[in-house]
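Take 42 as the starting number for the sequence shown in my numbering and just add one per residue.
Written below as structure tokens is the structure these notes are about.
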Amino acid sequence: MTAQLIDGNALSAQVRTEVAQRAAALTARGHQPGLAVILVGDNPASAVYVRNKVKACADVGFHSVLEKYEATMTEAELLARIDALNNDPAIHGILVQLPLPKHIDDHKVIETISPAKDVDGFHIASAGALMVGEVGFKACTPYGCMKMLESIGMKDLRGKHAVVIGRSNIVGKPMAMMLLQANATVTVCHSGTADLAHHTRQADVVVAAVGKRDVLTADMVKPGAVVIDVGMNRNDEGKLCGDVDFAGVKEVAGHITPVPGGVGPMTITMLLVNTLEAAERGAA
Ligand code: GUN
């Protein structure tokens, strides 16, 4: 193995220690950070994610509430709950776990969350703020990826070429914006990109966020490049794996994030950072 691992668990622990200290200071002033997590329906993966988010809140001293609703909840009922939480002074962040049942419009739900409490960073106001370089909440997964780059001395990416594979609203697009803000030259690729390897071989940083195994193999990576793996898939043995052929790519890359233990823990950590910042803004 030539690549150095970027350890998401270790970096998360470091960031969460700092979050806990700042949360304690706010709590002492009567402003304990509070997160509301809403789960509608019984998607088993979502149930695990929301449990982990609520546990992470407890670990850093946040107040949190988990509201679970039947899949039959109507859109109007959900919007009314969000409205109530928008007006609840004990709640600084609101997270509605996606995907929602088919009869509920995700977009309408996200836009009902107050931008001041949009700790997922999915609201149009948050995406727009990122686009024009103003203050707003950053989507947690790409924000975590940027922290990982920062942890290896790559905060400013001037002169570097970054390739993002994937264009989802919650990872690929905001990732590209954050890399641009960090002065990288950015190429965004996706399933319709012809000769993907042509692009990735030129990259100093590759972020794979497709949701498919082996999207990035060793022959597609420039020696010494930094490879960030956002994927979360299962291999033939049922084990968790990312979008990157880790065994092959680690022999070529300079740095690489593992799955599990890479980007995953950072996503929840950045949710905590956003919630803390929402509370700090509220207390200012
Ligand atoms: N579903 C998958 N990832 C996420 C996320 O980061 N936030 C929310 N709310 N739902 C998700």
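All C-beta atoms, glycine included, are put in the ideal place defined by N, C-alpha and C.
Check                                                                                                     : Outcome
Host alpha helix (DSSP H) of Leu171 (start-end)                                                           : 165–173
Classification of Asp270 by the beta-carbon crowding that lies within 10 angstroms, buried from 16 upward : buried
Cβ shell of Thr68 (< 7 Å), same chain only, five flanking positions each side left out                    : Gly102
DSSP state of Ser232 mapped onto helix, strand, coil                                                      : coil
Distance between beta carbons of His164 and Ala131, contact taken as under 8 Å                            : With 8 Å as the limit, Ala131 and His164 do not qualify as a contact, their Cβ atoms being about 21 Å apart.
Thr113, DSSP secondary structure in three states                                                          : coil
Helix, strand or coil at Ile145 according to DSSP, with G and I counted as helix                          : coil
Coarse secondary structure for Ala249, derived from DSSP in three states                                  : strand
Beta-carbon gap between Met261 and Val300 smaller than 8 Å                                                : no
Per DSSP, the bridge partner or partners of Asn274                                                        : Cys282
In DSSP terms, what Leu76 is bridged to                                                                   : Ser105, Gly134
DSSP three-state assignment for Ile297, whether helix, strand or coil                                     : strand
Heavy atom of the ligand GUN within 7 Å of Val81 beta-carbon                                              : no
Straight-line gap, Arg254 to Val268 (C-alpha atoms, nearest Å)                                            : 15 Å
Distance, Val248 Cα to Ala168 Cα                                                                          : 19 Å
Three-state secondary structure assigned by DSSP to Thr43                                                 : coil
Distance, His240 Cα to Ala44 Cα                                                                           : 21 Å
Contact belief for Gly185 with Lys158 at Cβ below 8 Å, rounded distance in angstroms                      : In fact, because the Cβ distance is near 20 Å, the residues do not count as touching under 8 Å.
Helix, strand or coil at Thr258 [DSSP, three-state]                                                       : coil
Closest residue to Gly289 among Lys263, Thr234, Ile309 (Cα-Cα distance)                                   : Lys263
Rounded separation between Leu171 and Leu141 - CA only                                                    : 25 Å
Continuous beta strand (DSSP E) assignments of at least 3 residues falling wholly in the segment 187–239  : 202–206, 226–230
Which of helix, strand or coil DSSP assigns to Val56                                                      : helix
Proximity of Leu107 and Val160 at Cβ, strictly below 8 Å                                                  : no
Identified DSSP bridge partners for Ile269                                                                : Val248
Val81, DSSP secondary structure in three states                                                           : strand
Residue nearest to Glu111 in terms of C-alpha spacing, selected from Ile79, Ala86, Ala121                 : Ile79
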